[in-house]
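Asks: Residue numbers (the numbering used here), protein chains in the order written: chain A, 5 to 116; chain B, 2 to 115.
Ideal placement from N, C-alpha and C gives every residue a C-beta, glycine not left out.
In this text the structure is predicted, and so the values were computed from the model without any measurement.
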């Protein structure tokens with residue numbers, strides 16, 4: 005069955021460093037992959053979308069890579085700030101599949 | 002636009018009671034999703050509507066759950082009868098397209114069934 009894996013344990017990063025989060029998927033080939041941020045008590049908020057033919061996508065301090073060979077996406081936050089502390093969810097989807105399958109999320113903690 | 006609006010924000014009900022959750026999607030969005038989120042299972046898609054028509058309800062746990070979208074600006078998720086294991090946060094999301102466009106989530110309804 006289709007499976008998505010994200011770091012289950014919280015990731016603690018020192019302010020100013022680069023945070024890297026991992027999303028691995030198995031048993032399917034998504035055409036798109038989205039990353040969302042979720043704060044406690046709130047709904048997920050869209051951050052970035054990357055297509056299978058794109059190796060890398062950037063938005064301000066955020067960078068996402070998509071390696072279809074490794075079946076992995078990496079999400080980077082450079083010059084991290086305490087305000088970046090949140091849970092980050094990855095959501096791959098097929099080209100013809102409306103359904104977003106979600107990873108469990110990785111909790112990121114940026115320490116001042 | 003005010004974004005996706007859900008009501009109520011919190012709901013506490015007794016086992017066996019009917020619960021109705023409400024959602025107003027963003028105007029102009031043609032896709033609507035209902036999700037359930039728990040610590041154990043994460044975010045799960047319950048049902049997906051496109052142009053007010055239910056496309057896939059395979060994520061609906063059982064017959065106790067039902068969802069409707071009578072028009073483009075309103076949807077409901079009903080649980081009857083409710084059970085303690087239904088306790089979760091229920092999110093509604095809308096989007097302009099399908100899986101490859103960003104989804105906009107509401108604030109969620111935290112449901113507690115005692």
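Relative to the C-alpha of residue 113/B, which residue among 86/B, 70/B, 44/B is closest?
Replies: Here residue 113/B is taken as the residue at index 112 of the second chain, counted from 1. For residue 113/B, the nearest C-alpha among the options comes from 86/B.
Asks: Would you say residue 33/B reaches chain A, if we count a Cβ-Cβ gap shorter than 8 angstroms as a contact?
Replies: Numbered from its first residue, the second chain carries residue 33/B at position 32. Chain A, which has no Cβ nearer than 8 angstroms to the Cβ of residue 33/B, makes this no.
Asks: At 8 angstroms on the CB atoms, spell out the chain B contacts of residue 47/A, in chain order.
Replies: The residue labelled residue 47/A in the question sits at position 43 within the first chain. Those within 8 angstroms of residue 47/A in chain B are 5, 92, 94, 106, 107, 108, 109.
Asks: Using C-beta distances below 8 angstroms, list every residue in its chain close to residue 7/A, excluding the 5 sequence neighbours before and after it, in chain order.
Replies: Taking the first chain and counting its residues from 1, one reaches residue 7/A at position 3. Closer than 8 angstroms at the Cβ level, and outside the excluded window around residue 7/A, lie 29, 30, 31.
Asks: Who are residue 8/A's beta bridge partners in DSSP?
Replies: The sequence position of residue 8/A within the first chain is 4, counting from 1. DSSP output for residue 8/A lists 29/A as bridge partner(s).
Asks: Return the chain-ordered ranges of every beta strand (DSSP E) run that is complete within the stretch 2–30 of chain B and spans a minimum of 3 residues.
Replies: With a minimum length of 3 residues, the continuous beta strand (DSSP E) runs that stay inside the stretch 2–30 of chain B are 6–8, 11–14, 20–25.
Asks: Got a sec, what are the start and stop residues for the beta strand (DSSP E) residue 19/A sits in?
Replies: Numbered from its first residue, the first chain carries residue 19/A at position 15. Segment: none, residue 19/A is in no beta strand (DSSP E) and carries neither H nor E.
Asks: Counting only the same chain and skipping the five closest in sequence on each side, list residues whose C-beta sits under 6 angstroms from that of residue 61/A.
Replies: Stepping through the first chain from its first residue, residue 61/A is reached at position 57. Hits under 6 angstroms: 52, 54, 68.
Asks: I believe residue 81/A touches residue 15/A by the beta-carbon criterion, under 8 angstroms. Please report the beta-carbon distance rounded to the nearest angstrom.
Replies: One-based indexing of the first chain puts residue 81/A at position 77. One-based indexing of the first chain puts residue 15/A at position 11. Incorrect: roughly 10 angstroms between the Cβ atoms, too far for contact.
Asks: Does the stretch 31–49 of chain A come within contact of the stretch 89–98 of chain A, defined as at least 3 CB pairs closer than 8 angstroms?
Replies: Yes, since at least three Cβ pairs between the stretch 31–49 of chain A and the stretch 89–98 of chain A fall closer than 8 angstroms, the two stretches touch.
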